[in-house]
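Q:
Chains as they are written, first to last, in the numbering used here: chain A, 3 to 796; chain B, 285 to 463.
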């Protein structure tokens, strides 16, 4: 069922963005645009060593510089600022010092060692460079194999080893039948394929780096913190705990956020340091992360190596899956912990019927920047091994890769479907999606273009990958079972103002998803008012209701959208009761349409929003016992997750001389249930797919043997640029989720999950038959040239 | 007061600070800057024009692109003193004085040529320069357009909306020329 009919209301229409007008004028307001009188600037001195003991720190010269207000070391702040909290706290996880600045020892290049607060960025950097630190270098642990070596140097001596946490599936649940034995299934399989895959360490690199600006109120500990974050309430909670300031004395504001992609989902050291120094110096303090430091100070993600084994029966149906994988967590858990690694295992079965699993994950620490969230959150790390291994299996089984997938996709009649790792998949028609992709005219164009490229003497190939995406995160009741310490619900406040106009305050945080437009559409329909009668506000803990998770995990449309519906319905219901009172009618006889309340069947004129609102605020003529005012709160906790899904088909064109790869065409089929605004959905897919292309072909943070990172800027870290974009054919089906009030599933992360797999499958198709399988991303040109040098199989 | 009414150089201060004068979006600006102050910081923090964004301070991303005497420049790699007495156009100066958006700005909204909006000012200025070249007779095919847009990085959009928006604004210029 492809979308064709035009919806009656605003929802489902490609309404232009409300944010565009201010963005194209340069009128967006980001953290670094916020200034306060008497503000000082904070900069962080970061470790140049991957692993070293701090012998001494001399700050004398730094303190002597004119315009320097404070210099502090980790030892000096250890008792001043408490340890960070952990959003993902898997059972048995080990943690580091958790302090904003390290003491005694550094464990990765970029770890904060000392801090300077000064008149401006220039003076603060001068003073930072004048701090003298004597380090005693220690052997660095830079690979997961090294970390697990029995004789390896220990990052955290008190741990006894370099293992941060382990997890395994299936999870036996008391009272339920024993999970099926994957070992026996694999032993009895007709065909077993096995390979080891690597998904490299990459970085979100939002165009706006991180930043924190804290105002100071001389009347007491009262902080207003502007920070570039996805999660204002989580930051408030963290800062309160670390500084010992009550939450009701802290206001966290996320203004316009210049991209985040998960990287800004967690608390960072500077978010505690800046308010700490604002209180200590009794003046506003600001921090702006510089691009070079962002490569060591903002959390990267992915970085897994997985040995994956899948067994098939004689009909090429999957009988069992075994995975052993390592997560390179960096030097210590960020507040995200080993969350991405956990998600990889929990979601490893993807869209396929896998009867039995034996999965075990180990997160290890190395002397690198701590790992965090990035768009896809563990799912690209699962999709790449799975989708590559299916292609490898297809050639062994003598089947077309599409046919192998068709045989193993979960059939539509099986939903809701519980995977062998215990995930409940809500709804979908996966095989239909696969067939539709191959019926696209763009697919015929792709075949033709592939043949043209080959005829011109260049290698070309086509690859396919299927995926599903875990969205609408998530049911609070389940969170404690998976190591998440907060709730998964979300909230919206709705106010009908005295003039009858509607103002919403969402607990979400826009960072490019255009929630302002989508939520206005949803509210206008629900209230039955014109779109321009609705305004939407975000990102301020003093006005947005508490939410633990805010924006992330592709949850805005379904979870926050459902909370908006609850809030709107409560407001409309209250207005209906007020209108009934004013009309001297029974509330059950009062109907609401087109922004008016009228008695059903009575041809008389109805009461407008403005009339009803005026009564609500005047307060003297309301139904008995009703409180005045028209402000409501909706909070929505989903019963279950919702799984979006899709298919990616990619064409690659290889330069045989340089090994450089172009992706001239891509087909992207997608289903995220009901769409609030198809324009926004497409934008998320198109942008996400190009990020996936970067992950497939160019992006990687390499560390050398001494633990020095190879990328500290866009010169070394190649994000896609305009000439690299494919001609992208996006199409949709619509399978609503029963677990959100509006039937919407998320789309934010879908673009990145399977694009790398499809591109690398295409690249393998472009290489000579017999070329060694491509098992790592990114596939850099040198690897492509190696593959091209393969003697063609005869 | 026009820039020429200001003294050529103010007395030196210990940090080497002196008063610089520029026309920023048609308005005179005079403010102190050290020799090491870059133009982006000068515009944002001394001239109060925060529409120009700095993303990398390394010259790679183009978010801070402004026009200096009509030519695009990385304001993070331009020292403020280099722009003394220059005419600067930032993103805030692209719209008409009455607030009417340029055709390219409108097209960016129509084609969703932005998401988070952070790189948008750089693309607006870059596109404005390209359109000015087209008005002067230059013609751009798609490959050349993509090459020019490779000056700037956008991490959100996949560039598709930006390319379409600029293409549509350029079509209009070509239409004007043909009319």
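Virtual Cβ for every residue (Gly too), placed ideally from N, Cα, C.
Along the stretch 397-414 of chain B, where does the CB come closer than 7 angstroms to a CB of chain A? Name the residues.
A: 398, 399, 400, 401, 402, 403, 404, 405, 408
Q: Can you give me the start and stop residues for the beta strand (DSSP E) that residue 725/A sits inside?
A: Careful: residue 725/A lies outside any beta strand (DSSP E) and carries neither H nor E.
Q: Beta carbons nearer than 7 angstroms to chain B: which residues of the stretch 131-161 of chain A have them?
A: Those would be none; no residue qualifies.
Q: Taking 8 angstroms as the threshold (beta carbon to beta carbon), is residue 210/A in contact with chain B?
A: yes
Q: Extract the residue ranges of the alpha helix (DSSP H) inside the stretch 6-79 of chain A, only unbroken runs of 4 or more that lie entirely within it.
A: 22-26, 62-65, 76-79
Q: If contact means a Cβ-Cβ distance below 7 angstroms, which residues of the stretch 359-385 of chain B contact chain A?
A: 374, 375, 376, 379, 385
Q: Does the beta-carbon of residue 55/A have 16 or more other beta-carbons within 10 angstroms, so that it is buried, or is it exposed?
A: exposed
Q: Helix, strand or coil: which one does DSSP assign to residue 410/A?
A: helix
Q: At the level of alpha carbons, what is the spacing between residue 286/B and residue 351/B?
A: With a pLDDT of 39 at residue 286/B, under the threshold of 50, the predicted position of this residue should be treated as unreliable, though the coordinate-derived value follows. Rounded to whole angstroms, residue 286/B to residue 351/B spans 19 angstroms at the Cα level.
Q: Could you tell me the alpha carbon to alpha carbon distance between residue 22/A and residue 256/A, rounded to whole angstroms?
A: Each residue's CA atom was taken as its position, placing residue 22/A and residue 256/A some 18 angstroms apart.
Q: What's the call for residue 222/A, buried or exposed, on a 16-neighbour Cβ count within 10 Å?
A: exposed
Q: Taking the alpha-carbon positions, what's the residue 140/A to residue 53/A distance?
A: Approximately 5 angstroms, taken between the alpha carbons.
Q: Cα-Cα, which of 769/A, 786/A, 27/A, 111/A is closest to residue 456/A?
A: 769/A
Q: Rounded to whole angstroms, what is the Cα-Cα separation between residue 354/B and residue 405/B?
A: 16 angstroms
Q: Determine, using beta carbons only, whether residue 408/A and residue 382/A come nearer to each other than 8 angstroms.
A: no
Q: Below 8 angstroms on the Cβ atoms is my contact criterion, and I expect residue 359/B with residue 324/B to pass it. Report the Cβ-Cβ distance as a whole number of Å.
A: 4 angstroms
Q: So if I threshold CB-CB distances at 7 angstroms, which residues from the stretch 700-720 of chain A count as touching chain B?
A: 715, 716, 717
Q: So residue 96/A packs on residue 166/A, CB below 8 angstroms; how close in whole Å?
A: The pair is a contact, with the Cβ atoms about 5 angstroms apart (cut-off 8 angstroms).
Q: Pull up the distance between the alpha-carbon of residue 523/A and that of residue 122/A, whole angstroms please.
A: 43 angstroms
Q: What is the DSSP secondary structure of residue 4/A, counted as helix, strand or coil?
A: Confidence at residue 4/A is low in this model, with a pLDDT of 44, below 50, so the placement of that residue should be treated as unreliable; the coordinate-derived value is given next. Strand at residue 4/A.
Q: Going by DSSP, which residues form a beta bridge with residue 216/A?
A: Beta-bridge pairing links residue 216/A to 227/A, 287/A.
Q: Does residue 192/A pass the burial test, meaning 16 or more other C-beta atoms within 10 Å, or should it be called exposed?
A: exposed
Q: Quick one: grab the DSSP three-state call for residue 327/A.
A: strand
Q: DSSP three-state call for residue 535/A: helix, strand or coil?
A: helix
Q: Flag this pair as yes or no: are the beta carbons of residue 2/A and residue 665/A separated by less than 8 angstroms?
A: Since the first residue of chain A shown is 3 and the last is 796, residue 2/A is not available in this structure.
Q: From the beta carbon of residue 35/A, is the nearest beta carbon of chain B less than 8 angstroms away?
A: yes
Q: Please tell me whether residue 662/A has its Cβ less than 8 angstroms away from any Cβ of chain B.
A: Using a CB distance cut-off of 8 angstroms, residue 662/A does not count as an interface residue toward chain B.
Q: If you check the beta carbons only, do residue 281/A and residue 237/A fall under 8 angstroms apart?
A: no
Q: Should residue 298/A and residue 146/A be called a contact, given that it needs their Cβ atoms to be closer than 8 angstroms?
A: Between residue 298/A and residue 146/A, the gap from beta carbon to beta carbon reaches 8 angstroms or more.
Q: Closer than 9 angstroms, Cβ to Cβ, to anything on chain A: give me those residues from the stretch 415-442 of chain B, in chain order.
A: 427, 429, 430, 431, 432, 433, 434, 435, 436, 437, 438, 439, 440, 441, 442
Q: Report the start-end ranges of each beta strand (DSSP E) in the stretch 328-401 of chain B that is 3 residues or longer and not cut off at the edges.
A: 349-352, 355-358, 371-373
Q: Using 8 angstroms as the limit for Cβ to Cβ distance, is residue 32/A near chain B?
A: Contacts with chain B at 8 angstroms (Cβ-Cβ) include residue 32/A.
Q: Hey, is the stretch 152-170 of chain A in contact with the stretch 728-747 of chain A, meaning 3+ C-beta pairs nearer than 8 angstroms?
A: no
Q: Out of 628/A, 46/A, 671/A, point me to the one whose CA is closest to residue 437/A's CA.
A: 671/A
Q: Under a three-way DSSP split, which group does residue 491/A fall into?
A: Reduced to three states, the DSSP call for residue 491/A is coil.
Q: Residue ranges of each beta strand (DSSP E) run of no fewer than 3 residues wholly in the stretch 666-702 of chain A, ordered along the chain?
A: none
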